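Note that the protein sequences, when read in sequence, are chains B and Z. Using the numbering used here, the first residue of the first sequence is number 3, and each one after it goes up by one. Using the numbering used here, the first residue of the second sequence is number 8, and each one after it goes up by one.
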Amino acid sequence: EDQVTQSPEALRLQEGESSSLNCSYTVSGLRGLFWYRQDPGKGPEFLFTLYSAGEEKEKERLKATLTKKESFLHITAPKPEDSATYLCAVQAVPNTGNQFYFGTGTSLTVIP
Amino acid sequence: EAQVTQNPRYLITVTGKKLTVTCSQNMNHEYMSWYRQDPGLGLRQIYYSMNVEVTDKGDVPEGYKVSRKEKRNFPLILESPSPNQTSLYFCASTLKGPPFSYEQYFGPGTRLTVT
Chain B
3 EDQVTQSPEA
13 LRLQEGESSS
23 LNCSYTVSGL
33 RGLFWYRQDP
43 GKGPEFLFTL
53 YSAGEEKEKE
63 RLKATLTKKE
73 SFLHITAPKP
83 EDSATYLCAV
93 QAVPNTGNQF
103 YFGTGTSLTV
113 IP
Chain Z
8 EAQVTQNPRY
18 LITVTGKKLT
28 VTCSQNMNHE
38 YMSWYRQDPG
48 LGLRQIYYSM
58 NVEVTDKGDV
68 PEGYKVSRKE
78 KRNFPLILES
88 PSPNQTSLYF
98 CASTLKGPPF
108 SYEQYFGPGT
118 RLTVT
């Protein structure tokens with residue numbers, strides 16, 4: 003069974019204190035791994051897609067990396083506006099192209 | 008502005024009273040999905056659609072129906088809602104690009120309470 007597990011469930015950081023969020027997955031074959039940001043009361047917002055082990059993508063203070071079993075979202079020198087829930091999702095093969103499995107998310111709070 | 012819209016945003020109803028949540032996208036995407044989000048369970052896919060008249064079940068389809076008669080619209084139908092369908096619902100539209108790019112754009116959500 004395809005599974006996505008995120009850790010930690012919640013993370014509190016001081017402003018400027020770098021850290022990493024983890025997404026581990028168990029799928030028969032990975033088509034793509036996706037990171038989203040979700041603010042309270044809003045729909046998730048797309049951040050990154052990763053396709054193969056060793057791939058990395060960056061956007062401002064965020065950097066996503068991928069291995070064969072997990073992905074990390076590294077947050078460098080976070081600011082209070084980075085506070086949100088970060089969701090990880092995977093697409094597995096075989097897949098018709100529109101099936102996604104989400105983790106339960108990591109709630110990040112950055113304290114000024 | 009590219010967006011996914013959902014209506015209503017909030018709905019309180021009673022058990023057994025049929026309801027429809029509408030979803031519309033203006034990005035000409037072929038793929039659309041419905042999710043429900045529950046505490047501790049995350050986002051779970053209810054139904055998805057690959058194109059007009061092409062739909063398939065996700066992980067939790069029981070008690071729901073969908074239709075895709077037009078490319079831009081993908082309504083979610085609860086024919087006989089029950090309290091266990093109380094949840095936050097999201098519609099998503101998927102940009103399908105090469106080689107396997109599947110960025111999803113989510114609507115603002117519909118909070119449904121069934122009493």
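For every residue, glycine included, the Cβ atom is placed at its ideal position computed from N, Cα and C. These numbers come from a predicted model, not from an experiment.
CB of residue i within 9 Å of CB of residue j, strictly
i: Z:Val67; j: Z:Ile84; result: no
i: Z:Tyr38; j: Z:Arg51; result: no
i: B:Leu89; j: Z:Gly114; result: no
i: Z:Leu95; j: Z:Gly65; result: no
i: Z:Thr120; j: Z:Thr20; result: yes
i: B:Gly116; j: B:Glu47; result: With chain B running from 3 to 114 in the structure shown, residue 116 of chain B is simply not present.
i: B:Leu75; j: B:Tyr53; result: no
i: Z:Asn35; j: Z:Arg75; result: no
i: Z:Ser40; j: Z:Thr12; result: no
i: Z:Tyr71; j: Z:Tyr54; result: yes
i: Z:Lys25; j: Z:Ser87; result: yes
i: B:Ser26; j: B:Leu13; result: no
CB-CB length for residue i against residue j, believed under 8 Å
i: B:Ser73; j: B:Leu110; result: That belief does not hold up - the Cβ atoms of B:Ser73 and B:Leu110 are roughly 16 Å apart, past 8 Å.
i: B:Pro80; j: B:Arg63; result: 6 Å
i: B:Arg33; j: B:Ala94; result: 6 Å
i: B:Leu49; j: B:Tyr38; result: 6 Å
Outcome for residue i when other beta-carbon atoms lying within 10 angstroms are tallied against a minimum of 16
i: B:Ile113; result: exposed
i: B:Val6; result: buried
i: B:Gly105; result: buried
i: Z:Thr27; result: exposed
i: B:Thr28; result: exposed
i: B:Gly45; result: buried
i: Z:Thr22; result: exposed
i: Z:Thr101; result: buried
i: Z:Thr122; result: exposed
i: Z:Gln1; result: Nothing can be reported for residue 1 of chain Z: it is not among the residues displayed for chain Z, which extend from 8 to 122.
i: B:Thr69; result: exposed
i: Z:Val61; result: exposed
The beta strand (DSSP E) enclosing residue i, as first and last residue numbers
i: Z:His36; result: No beta strand (DSSP E) contains Z:His36, which DSSP labels as neither H nor E.
i: Z:Asn14; result: 11-14
i: Z:Leu85; result: 83-85
i: B:Ala94; result: 86-94
i: B:Phe168; result: Because chain B is modelled from 3 through 114, residue 168 of chain B falls outside the range shown and cannot be assessed.
i: B:Ala66; result: 64-68
i: B:Tyr53; result: No beta strand (DSSP E) contains B:Tyr53, which DSSP labels as neither H nor E.
i: Z:Tyr54; result: 49-58
i: B:Ala12; result: 12-16
i: Z:Gln92; result: Element bounds for Z:Gln92: n/a, residue is neither H nor E.
i: B:Asn24; result: 21-28
i: Z:Arg79; result: Premise fails: Z:Arg79 is in no beta strand (DSSP E) and is neither H nor E.
i: Z:Thr117; result: 117-121
i: Z:Asp63; result: 61-64
i: Z:Tyr17; result: 17-20
Neighbour list for residue i in chain Z, Cβ cutoff strictly below 8 Å
i: B:Thr106; result: Gly47, Leu48, Gly49
i: B:Phe48; result: Glu110, Gln111, Tyr112
Residues that residue i contacts on chain Z, provided the C-beta gap is smaller than 9 Å
i: B:Leu89; result: Gly49, Leu50
i: B:Gly45; result: Val11, Gln13, Phe97, Cys98, Ala99, Tyr112, Phe113, Gly114, Pro115, Gly116
Chain B residues whose Cβ lies nearer than 8 Å to that of residue i
i: Z:Glu69; result: Under the 8 Å cutoff, chain B gives no residues; its nearest Cβ is about 17 Å from Z:Glu69.
i: Z:Val40; result: Note that residue 40 of chain Z is Ser in the sequence shown here, rather than Val. Here the neighbours are Asn100, Phe102.
i: Z:Gly65; result: Gln101
Cross-chain neighbours of residue i in chain Z, by beta carbon under 7 Å
i: B:Gln93; result: Tyr109
i: B:Gly31; result: Simply none; closest approach about 12 Å.
Residue i beta carbon near the ligand NAP (any heavy atom closer than 8 Å)
i: Z:Glu86; result: The ligand NAP is absent from the structure shown, which contains no ligands of any kind.
is_contact[residue i, chain A] using C-beta, thresh 9 Å
i: B:Gly34; result: Within the model displayed, chain A is absent; protein chains B and Z are what it includes.
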